[in-house]
Amino acid sequence: MVGKIVEVEAYRGSDDPASHAFRGLTPRNAPMFGEPGRAYVYFTYGNHYCLNITTRESGIPGAVLIRAIEPIEGISAMVRLRPKVPKLALTNGPGKLTKALRIDKSLNEIDMTKHGPLYVTKAEAGDFEVGRSTRIGIAAGKDRLWRFYVFGNPYVSQRQTAEGLQRPRLGRKEPERVI
DNA sequence: TCGAAGATTCTA
DNA sequence: AGAATCTTCGAA
């Protein structure tokens, strides 16, 4: 299965009250303090896994939550994992995409920079614009515009009207693929 | 050991 | 708008 990442949120450490790492190292958030480029998978609300990719050097907490992807290959397999769900809703949320890609805690801490069961890689992509807004589903840290998404992409999660929404800016970066 | 909250989703 | 559902963490 292959998808293009179209929506992410950034989380940091003691300077970010919305982050799992805000109060320091715990067993759950340990990957955020570890090597960059690893998966940080956590379970929440009794039902859902969420996938992050760690971003900062060892000892400094940081991760990017993958909130939505655009399905590219293996769509029938994704539908099998999320039966009776229309294509547009297959992977447009952090808990939805982990289910559609069968991502769970067994992939926690996996190296996502190398070819393996779950990894990211650069791919061709035309020009696109990046929208940004406040992060979704958080109680603190609402002042930061740390949610980023491909502007106008229909596979972005349905809450683009979150407060703090800004019109597209930032540049043309190649999006990446998840497998 | 216990209670409350949670980087969500689905249904009514 | 509210329930579901259970892990995690901090406080007691």
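The working numbering numbers the first residue of the first sequence as -18 and each following residue consecutively. Just so you know, even glycine gets a beta-carbon here, dropped at the ideal spot from N, CA and C.
1) With DSSP as the reference, label Gly43 as helix, strand or coil.
2) Report all residues from its chain with a CB closer than 6 Å to the CB of Leu146; omit the five preceding and five following residues, and keep chain order.
3) Between the Cα of Tyr30 and the Cα atoms of Arg9, Gly(-6), Ala2, Thr79, which residue gives the shortest distance?
4) Among residues of its own chain, excluding the 5 on either side of Arg9, which ones have a beta-carbon nearer than 7 Å to its beta-carbon?
5) What does a CB cutoff of less than 8 Å around Thr72 pick up in its chain, not counting 5 residues either side in sequence?
6) Suppose you measure from the CA of Thr35 to the CA of Pro98; what does that come to, to the nearest Å?
7) Ignoring anything shorter than 4 residues, give me the alpha helix (DSSP H) runs that lie fully in the region -4 to 75, in order along the chain.
8) Can you give the beta carbon distance from Phe132 to Val101, rounded, assuming they're within the 8 Å contact cut?
9) Taking C-alpha atoms, which residue in Val(-13), Gly107, Ala(-9) lies nearest to Arg125?
10) In whole angstroms, what is the alpha-carbon distance linking Gly152 and Val(-11)?
11) With distance defined between alpha-carbon atoms, name the residue in Gly74, Lys86, His96, Asn89 nearest to Ile(-14).
12) Tell me, please, which residues DSSP counts as bridged to Asp92.
13) Can you tell me whether Arg(-7) is buried or exposed? The criterion is at least 16 other CB atoms within 10 Å of its CB, across all chains shown.
14) Residues bridged to Glu(-10) by DSSP?
15) For Lys80, name the three-state secondary structure that DSSP assigns.
The relevant details are as follows:
1) Position 62 of the first sequence, counted from the first residue, corresponds to residue 43. Correct three-state label for Gly43: coil.
2) By one-based count along the first sequence, residue 146 stands at place 165. With a pLDDT of 49 at Leu146, under the threshold of 50, the modelled position of that residue is not reliable, and the figure given next carries that caveat. Excluding residues within five positions, the ones whose Cβ falls inside 6 Å are Ser114.
3) Walking along the first sequence from the start, residue 30 turns up at place 49. Of the listed residues, the one whose Cα sits closest to Tyr30 is Thr79.
4) Here residue 9 refers to the residue found at position 28 of the first sequence. Closer than 7 Å at Cβ, skipping near neighbours: His1, Tyr23.
5) The residue labelled residue 72 in the question sits at position 91 within the first sequence. Counting only residues of its own chain and dropping the five nearest sequence neighbours on each side, Thr72 has a CB closer than 8 Å to the CB of Gly(-16), Ala49, Ile50, Glu51, Pro52, Met59, Leu78, Ala81, Leu82, Tyr136.
6) Here residue 35 refers to the residue found at position 54 of the first sequence. Here residue 98 refers to the residue found at position 117 of the first sequence. Going from the Cα of Thr35 to the Cα of Pro98 covers about 17 Å.
7) 56 to 62
8) Within the first sequence, the letter at position 151 stands for residue 132. Within the first sequence, the letter at position 120 stands for residue 101. Not a contact, Cβ separation roughly 21 Å.
9) Counting from one through the first sequence, the residue named residue 125 turns up at place 144. Nearest C-alpha to Arg125: Ala(-9).
10) Counting from one through the first sequence, the residue named residue 152 turns up at place 171. Counting from one through the first sequence, the residue named residue -11 turns up at place 8. Confidence at Gly152 is low in this model, with a pLDDT of 49, below 50, so the placement of that residue is unreliable and no value is reported for it.
11) Taking the first sequence and counting its residues from 1, the one referred to as residue -14 is at position 5. Per the C-alpha coordinates, the member of Gly74, Lys86, His96, Asn89 positioned closest to Ile(-14) is Gly74.
12) Here the question's residue 92 lines up with position 111 in the first sequence. For Asp92, which the question treats as bridged, DSSP gives the partners Arg19.
13) Numbered from 1 along the first sequence, position 12 holds the residue referred to as residue -7. The residue in question, Arg(-7), is buried, as its Cβ has 16 or more Cβ neighbours within 10 Å.
14) Counting from 1 along the first sequence, the entry for residue -10 is found at position 9. According to DSSP, which records beta bridges pairwise, Glu(-10) is partnered with Leu46, Arg128.
15) Locating residue 80 in the first sequence gives position 99, counting from the first residue. Helix at Lys80.
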